[in-house]
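All remarks here apply to the structure that follows.
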Amino acid sequence: MKNLSEFITDHTGLTDQTQSEIFFTLLIILLLSLIRFAILRVVWKQTKDVKIRYQWKRTLSFIVPFVTVVLIGAVWLPAFEQFGAFLGLFSAGLAIALKDPLTNLAGWFFIVARKPFVVGDRIQIGENTGDIIDIRLFQFTMLEIGNWVDADQSTGRIIHLPNGKVFMEPQANFSSGFEYIWNEIKVNLTFESNWEKAKSILETIINEHSEHVAIKAEKEILEASKNYMIYYKHLTPIVYTAVKEYGVRLTIRYLCNPRQRRGSENEIWQKILLAFKVEKNIHFAYPTTRFFKAGEEGFAE
Numbered sequence: 001m002k003n004l005s006e007f008i009t010d011h012t013g014l015t016d017q018t019q020s021e022i023f024f025t026l027l028i029i030l031l032l033s034l035i036r037f038a039i040l041r042v043v044w045k046q047t048k049d050v051k052i053r054y055q056w057k058r059t060l061s062f063i064v065p066f067v068t069v070v071l072i073g074a075v076w077l078p079a080f081e082q083f084g085a086f087l088g089l090f091s092a093g094l095a096i097a098l099k100d101p102l103t104n105l106a107g108w109f110f111i112v113a114r115k116p117f118v119v120g121d122r123i124q125i126g127e128n129t130g131d132i133i134d135i136r137l138f139q140f141t142m143l144e145i146g147n148w149v150d151a152d153q154s155t156g157r158i159i160h161l162p163n164g165k166v167f168m169e170p171q172a173n174f175s176s177g178f179e180y181i182w183n184e185i186k187v188n189l190t191f192e193s194n195w196e197k198a199k200s201i202l203e204t205i206i207n208e209h210s211e212h213v214a215i216k217a218e219k220e221i222l223e224a225s226k227n228y229m230i231y232y233k234h235l236t237p238i239v240y241t242a243v244k245e246y247g248v249r250l251t252i253r254y255l256c257n258p259r260q261r262r263g264s265e266n267e268i269w270q271k272i273l274l275a276f277k278v279e280k281n282i283h284f285a286y287p288t289t290r291f292f293k294a295g296e297e298g299f300a301e
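For the sequence shown, the residue numbers in the working numbering are 1 to 301.
Below, the structure is given as structure tokens:
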């Protein structure tokens, strides 16, 4: 009676050596999967810190596949050496068929090595903007901001993007290097308003709001200048004056954290509204239409 090995050979055409290689391949995959599962279970029991759990999971997601490929390669290498020419042609065809996955894999190497962004950064890539919450071998994941939601707040949607986009789309990083952005608030007043007094009020409000930001920003720019040619002559807030067709525009320009843009605007606008409320000669401008009767001041024949 034939043993199991002879039975498999007769019905599948696989030699004893090939059967052994398949067996060890499956064994390696099973053992490494069990080890990964056991480690994660221990980590989950030891801590409830989301950041620590994520770091362990991501680290194992990189190490386990790498070790798996190395061990399986060592098992199959003797067999591959017998089919060198075939493997060369097969690899060329495979490279063409898997162009996009290989591009995404190259993108992952670029992201890990060059670090255009890391988990936790707020970035814009192409038309998509959000906070990076995960980076994997073939794709990275963002928690979307903006879109139909104002002032760069979260929409609640998760966007998965292929890593290859780092080679094809421009990327803007809100967090790396210099963790502040310049924000502007436009205040429109009528021509009849006392714009000089209004400008003085706005300068007082924004200077109080940004009292400590300039000092922190200056330190961050000094640190960022080690890697980037970042230079700002003035970091203090300023109020610009311009004339528009409907009145005088006062534009507040100030530094703020990108994740606090809406909150800072809310705080500043509340102070502006309260300050202007008690002023009799300061009025907001808005689209209006004026009609004059014949004989009234301002009427032209």
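Cβ coordinates follow ideal geometry from the N, Cα and C atoms, glycine included.
All values derive from a computational prediction rather than experimental measurement.
Per DSSP, the bridge partner or partners of Lys-186: In the DSSP output, where bridge partners are listed per residue, Lys-186 has Thr-251.
Distance cut-off 6 Å: Leu-255 Cβ against heavy atoms of the ligand NAD: Summarising the ligand content, the structure contains no ligands, and the ligand NAD is consequently not present.
Asn-104 burial status per 10 Å Cβ neighbour count (16 or more: buried): By the C-beta density criterion, Asn-104 is buried, having at least 16 other C-beta atoms within 10 angstroms.
Counterpart residues of Asp-131 in DSSP-defined beta bridges: Note: Asp-131 sits in a beta bridge opposite Arg-122, Leu-143.
Separation of Ile-215 from Cys-256, as counted between CA atoms: Cα to Cα, Cys-256 sits roughly 12 Å from Ile-215.
Residue range of the unbroken alpha helix (DSSP H) whose run includes Asn-266: For Asn-266, the enclosing alpha helix (DSSP H) begins and ends at 261-277.
Bridge partner(s) assigned by DSSP for Asn-161: Before going further, note that residue 161 is Leu rather than Asn in the sequence given. According to DSSP, Leu-161 bridges with Phe-140.
Anticipated Cβ contact below 8 Å, Asn-163 with Phe-117, distance rounded: Between Phe-117 and Asn-163 the Cβ distance is about 11 Å, and since that is not below 8 Å, they are no contact.
Selected residue, minimal CA-CA separation from Lys-197, among Phe-140, Ile-39, His-283: Taking only the C-alpha atoms, the option nearest Lys-197 is His-283.
Helix, strand or coil at Ala-300 [DSSP, three-state]: Residue placement at Ala-300 is poorly supported in this model, since its pLDDT is 49, which falls under 50; the coordinates still yield a value, given next. DSSP places Ala-300 in coil when its eight states are reduced to three.
Whether Phe-191 touches Leu-161 by CB criterion (7 Å): Cβ atoms of Phe-191 and Leu-161: not closer than 7 Å.
Segment contact, 8 Å Cβ cut-off, at least three pairs: the segment 126-144 with the segment 181-190: Cβ pair count under 8 Å is below three, so no.
Residues sharing a beta bridge with Phe-284, DSSP: In the DSSP assignment, the residues bridged to Phe-284 are Leu-189.
Residue burial classification, Gly-13 (beta-carbon count within 10 angstroms, cutoff 16): With a pLDDT of 49 at Gly-13, under the threshold of 50, the predicted position of this residue should be treated as unreliable, and no value is reported.
Through-space distance from Ile-158 to Pro-337, alpha-carbon basis: Only positions 1 to 301 of the chain appear in this structure, which leaves residue 337 out of reach.
First through last residue of the alpha helix (DSSP H) which encompasses Asn-104: Run containing Asn-104: 99-114, per the alpha helix (DSSP H) assignment.
Cβ neighbours of Arg-253 in the same chain (closer than 8 Å, five flanking residues each side left out): Result list for Arg-253: Trp-182, Asn-183, Glu-184, Pro-237, Ile-238, Val-239, Tyr-240, in chain order.
Three-pair Cβ contact test at 8 Å for the segment 143-155 versus the segment 65-74: Too few Cβ pairs lie closer than 8 Å, so no.
Buried or exposed (CB count within 10 angstroms, at least 16 for buried), Phe-299: Note that Phe-299 scores a pLDDT of 48, beneath 50, so its modelled location is shaky and nothing firm can be said.
DSSP three-state assignment for Gln-153, whether helix, strand or coil: Note: Gln-153 maps to coil in three-state DSSP.
Contacts around Phe-7, its chain only, beta-carbon distance under 8 Å, and the 5 residues preceding and following it disregarded: Because Phe-7 sits at a pLDDT of 45, beneath the cut-off of 50, its placement in the model cannot be relied upon, and the following sentence gives the value as read from the coordinates. Closer than 8 Å at Cβ, skipping near neighbours: no residue.
Close Cβ partners of Asp-100 (< 8 Å) along its chain, the five nearest in sequence each way excluded: Shown here for Asp-100: same chain residues with a beta carbon closer than 8 Å to its own, the five before and five after excluded, namely Pro-162, Gly-164 in chain order.
Assumed close pair His-209, Ile-268 - CB separation to whole angstroms, cut-off 8 Å: Yes, they are in contact, since the Cβ atoms of His-209 and Ile-268 sit about 6 Å apart, within 8 Å.
Beta strand (DSSP E) segment containing Asn-173, residue limits: Where Asn-173 is concerned, the enclosing beta strand (DSSP E) stretches over 171-173.
Sequence-distant residues of its chain with Cβ nearer than 6 Å to Asn-207 (five each side left out): Cβ neighbours of Asn-207 beyond the five flanking positions: none.
Bounding residues of the beta strand (DSSP E) (the contiguous stretch that carries Lys-241): In the sequence as presented, Lys is not what sits at residue 241; that position holds Thr. First-last of the beta strand (DSSP E) with Thr-241: 238-244.
For Gly-107 and Phe-167, believed in contact at Cβ under 8 Å, the rounded distance: Contact between Phe-167 and Gly-107 is confirmed by a C-beta separation of about 6 Å, below the 8 Å threshold.
Which listed residue (Arg-122, Gln-124, Ile-135, Ile-125) has its alpha carbon closest to that of Ala-113: Closest option to Ala-113, Cα to Cα, is Ile-135.
Beta-carbon spacing of Ile-201, Ala-275 below 7 Å: A contact, by the Cβ cut-off of 7 Å.
Rounded straight-line distance, which links the Cα of Lys-280 to that of Gly-263: Looking at the two C-alpha atoms, the distance is approximately 28 Å.
For Ala-217, the nearest candidate out of Thr-155, Glu-245, Ser-175 (CA to CA): Per the Cα distances, Ser-175.
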